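Inspection log for the structure reproduced underneath, given as structure tokens.
In my numbering, the protein residues as written are -11 to 263.
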């Protein structure tokens, strides 16, 4: 068993080990359904919804929480997706992933507190050509320390880190504020905000005026926030959200959707923590 865990860690890091552990716990049960899946199901049953995904990468990946559902569901014609990806080559693949899916709008920008140019740090080579896992391409960030301090505190594999830093590049990307993104797409609010930006989640969330911009659900990656995690949850609570950790993410909703989350929770065989 230990050898299997070690092999999984070398191949996919702690992320892979965590996913494999959950799959083992649920191997005789229904497939794992994170709370964001319940939110998507509710939106698809309603009218005129909008989803904004910040950090969309290429869209069609094993760990994208939206692609499979929305690539089918948007054909109903009652919703739209605004998918944001700052890296040009990944942006082009993102567009190809959603070819033929209606009401998908892709933006080749990053989201930050200020509009304009910024430095983005990412892997500059194909890791699989060097014998490393493909998911290393997904770790680009506006945070330089993503592959330094944050890596040491979370994934911690020194071999992967050395390879990444050896081939890391810094490139200029264009940024929009969240408010400017909504103005560009004439959106008064958002039904689901999905954020996976490799440690930059706090900066984006703190830049959003939730009082003037209604957002029904928020799902953001939390595992790299570390000491900022509790401050972000307090901020979200101050804006009327309830917060639940699930896997690598924190899912947020308001009291109006308590019934939805209660129903989702009853369907699960494992317990989750609520803050």
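Every residue gets a Cβ at the ideal spot worked out from N, C-alpha and C, and that includes glycine.
No experiment lies behind these values; they were computed from the predicted model shown.
Reference residue 233; option with closest CA among 227, 78, 220, 150: 220
How many angstroms separate the CA atom of residue 225 from the CA atom of residue 231? 7 Å
Would you mind reading off the limits of the beta strand (DSSP E) that contains residue 205? 203 to 209
From this set, 208, 147, 97, 74, which residue's C-alpha is nearest residue 120's C-alpha? 147
Considering only C-alpha positions, which residue in the set 67, 237, 33, 128 is nearest to residue 206? 237
How is residue 196 classed by DSSP in three states: helix, strand or coil? coil
Tell me the rounded alpha-carbon separation between residue 44 and residue 72. 6 Å
On the DSSP letters alone, give me the boundaries of the beta strand (DSSP E) that residue 37 sits inside. 37 to 42
With three or more beta-carbon pairs closer than 8 Å as the criterion, would you say the stretch 86 to 101 touches the stretch 132 to 146? no
What would DSSP say about residue 243, mapped onto helix, strand or coil? helix
By a C-beta neighbour count over all protein chains shown, 10 Å radius and 16 as the cutoff for buried, is residue 196 buried or exposed? buried
Whole-angstrom Cβ separation of residue 101 and residue 159, contact assumed at under 8 Å? Incorrect: roughly 20 Å between the Cβ atoms, too far for contact.
Where are the beta strand (DSSP E) runs, 3 residues long or more, that stay fully inside the stretch 135 to 190, in chain order? 156 to 164, 178 to 183
Could you check if residue 252 is buried or exposed, using at least 16 other CB atoms within 10 Å of its CB as the buried criterion? buried
Hey, which unbroken runs of the beta strand (DSSP E) at 3 residues or more fall wholly within the stretch 36 to 85? 37 to 42, 67 to 72
Measure the C-alpha to C-alpha separation of residue 149 and residue 137 and round it to an integer number of angstroms. 11 Å
Applying the criterion that 16 or more other CB atoms from any shown protein chain within 10 Å of the CB defines a buried residue, is residue 176 buried or exposed? exposed
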